[in-house]
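In our numbering, the protein residues as written are 110 to 247.
From the three backbone atoms N, C-alpha and C, an ideal C-beta is built for every residue, glycine too.
All of these numbers come straight from a predicted model, not from anything done at the bench.
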C-alpha cells in the first residue's frame, strides 16, 4: 500500500495493543511520527532514497532463541495514533519545560516486572530511587 513498516526487535515482552494505543509504549509510534513528518529527509547524504511518508504497520519481532527464531506481532499504524503520540509528547515537553515541575521517576506508578511494590522494580537503582525516597523522608 506504499506505507512504511517500522520494525523493532524484542528479547522481552511485546507491548499489548492497549499499551500502544494509550501511548504507554510510544517508541514505534514516535518513529512513525518522525518518518511521516519528514525528519529523516535531512539525512540524504547517507541515504538518497526518499524516507518520508505514512507508516502502515508497527511490527515487533520477538526473538525467541528457538525455531522460529522470531515471532512477528503487527499493529496497524494510523494518523490518529501518530497524532495522539505527538500530542502526548508536546504536553510532556510543555509540562517539563516549567521550572517548578520535578522530574518524576514513576510518571504512571503501577506494579510491574512481577513485583508488588514500586520500590522493588529492577531499574529503580538506575534512577537512584532509594536516594530520592530517603531525601523525601528527611
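Residue environment for residue 118: exposed (fewer than 16 other C-beta atoms within 10 angstroms of its C-beta). Rounded to whole angstroms, the gap between the alpha carbons of residue 198 and residue 205 is 11 Å.
By the neighbour-count criterion, in which a residue is buried when 16 or more other Cβ atoms sit within 10 angstroms of its Cβ, residue 169 is buried.
With a contact defined as Cβ atoms closer than 8 Å, residue 122 and residue 195 miss out at about 25 Å.
Contact between residue 162 and residue 144 holds: their C-beta atoms lie close to 7 Å from each other, under 8 Å. Judged by DSSP in its simplified three-state form, residue 166 adopts strand. Taken through DSSP and simplified to helix, strand or coil, residue 205 comes out as helix. In this structure, residue 172 lies away from residue 184, with their beta-carbon atoms at least 7 Å apart. Nearest C-alpha to residue 113 among 137, 128, 189, 132: 137. Your pair residue 164 and residue 115 checks out as a contact, with CB atoms roughly 5 Å apart and the cut at 8 Å. DSSP places residue 140 in the uninterrupted alpha helix (DSSP H) bounded by 136-145. Taken through DSSP and simplified to helix, strand or coil, residue 189 comes out as helix.
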